[in-house]
Amino acid sequence: MPNTFAEIQNEMRNIAKELLESGEATMVIGWEKGALPYQSTPVMIRSAEDVDKLIWDEYCQQNLSTYLIDYIYTDEKVAIFAKGCDTRAYNRLIQDNRIKAEKSIVIGVPCLGMKNAREAAKLPEGAEVPMANACKECRYPNPVTFDRKIGEDVTPWCTERDFSDVEAIEALSADEKYAFWQSQYTKCIRCYACRNICPACNCTSCIFDQSASGWCSKDVNASENQFYGVTRAFHVAGRCIECGQCEMVCPSEVPIMLMNKKFIKDIDSLFGAHEAGIDIDTPAPLSHFSVSDPEEFM
């Protein structure tokens, strides 16, 4: 089975052409090459004549599952190509009832690890580009669910979560922690790019779009930004699939995943180890209710 970038790309185009020509799918979502060598961006293909736009390279980092939300109320059946993190997002979106499995076709693709596009932009042409931060810690490079699959499974290069960066912050004093996060969220411009790209941020109506509620003002300052960051982290707690999309798109380079990992670490400690999006049957620790839940705090 194919496993090089070129071989998988060729198979992706063949499958997309087959699905569109047969009418099995009305649209195929994949990646196309952007304007710069380190840019590979999502593309929606509706015609078999356009399948040559599809590419597969080391910059296809963007998670495609979130685009399925836009088609939940249409009659279209949409196919997507999906890495391990994309399929975890897919499962998460099904659990949140934001997409329907019967309206989509998932074509699983093994991932060899994406390169860090932000760093690539800073380096001279031909320089070695490091792996994307989220990919360095990825334990699921292979799709966890799929209708069809391309290529052979790859061996995960990471088998355990690394919380050393979280523990370094935990070791600081309260004042030092506050100063650290104050310095980070002072940089935030509240563009909401992290929210818009996050598979777990999929509410039909977001609190941060409801300025009349009084929960959060439109002022861009450290206090309001921290409220936004902490609230969003609470919202995705137990549901974050660790794709790192939030950090990837942040123009201010706020270490968003550092806070997400803190929540993951605490949830593992309080509720037991949990891997969001691995399947559709295991509920997220903070997003379901059971009458058998412990009530020691009451």
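Numbers 2 to 299, taken from our numbering, label the letters of the sequence shown in order.
Don't be surprised by glycine CBs; every beta carbon is placed ideally from N, CA and C.
Since the structure is predicted, the reported quantities are computational estimates derived from the model, not experimental observations.
Tell me the residue span of the beta strand (DSSP E) that contains residue i.
i    : result
E33  : M28 to K34
V167 : Careful: V167 lies outside any beta strand (DSSP E), inside the alpha helix (DSSP H) at S165 to E171.
T42  : S41 to I46
Please classify residue i as buried or exposed, where buried requires at least 16 other C-beta atoms within 10 Å of its C-beta.
i    : result
F264 : buried
L173 : exposed
S105 : buried
V167 : buried
G31  : buried
T160 : exposed
A234 : buried
E22  : exposed
N226 : buried
H289 : exposed
Y179 : exposed
K219 : exposed
When DSSP labels each residue in this structure, what does residue i get in the three-state scheme?
i    : result
M115 : coil
R196 : helix
K150 : strand
Q271 : It is worth fixing the name first, because residue 271 is Leu in this sequence and not Gln. Here L271 sits in helix by DSSP.
T283 : coil
E276 : coil
L69  : helix
F264 : helix
D53  : helix
E126 : coil
F209 : helix
A201 : coil
For my contact list, residue i and residue j are in at a C-beta cut-off of 8 Å; report their separation, rounded to the angstrom.
i    : j    : result
M260 : G230 : 7 Å
G109 : I151 : 7 Å
I70  : N197 : Between N197 and I70 the Cβ distance is about 11 Å, and since that is not below 8 Å, they are no contact.
T146 : N98  : So it is not a contact: roughly 17 Å between Cβ atoms.
V107 : A122 : About 31 Å; that fails the 8 Å criterion.
P142 : G85  : 5 Å
Q185 : P284 : That belief does not hold up - the Cβ atoms of Q185 and P284 are roughly 31 Å apart, past 8 Å.
Within the 7 Å Cβ cut-off, does residue i reach chain D?
i    : result
P284 : Protein chain content of the structure displayed is limited to a single chain, and chain D is not contained in it.
Go to residue i, then tell me how far its alpha helix (DSSP H) extends in each direction, as first and last residue.
i    : result
M13  : F6 to S23
S218 : First-last for S218: undefined, no H or E at that position.
Q62  : Looking at the DSSP string, Q62 is not in any alpha helix (DSSP H), and its letter there is neither H nor E.
W158 : Here W158 belongs to no alpha helix (DSSP H), and DSSP marks it neither H nor E.
K188 : A175 to K188
C136 : N134 to K137
*Would you mind listing the alpha helix (DSSP H) stretches within the segment 71-117 that are 4+ residues and don't spill past its ends, in chain order?*
Segments of the alpha helix (DSSP H) lying fully in the segment 71-117: 85-96.
*Considering only residues of the segment 221-262, which uninterrupted alpha helix (DSSP H) runs meet the minimum length of 4 residues and lie entirely inside it, listed in chain order?*
The segment 221-262 contains these whole alpha helix (DSSP H) runs: 223-237 and 246-250.
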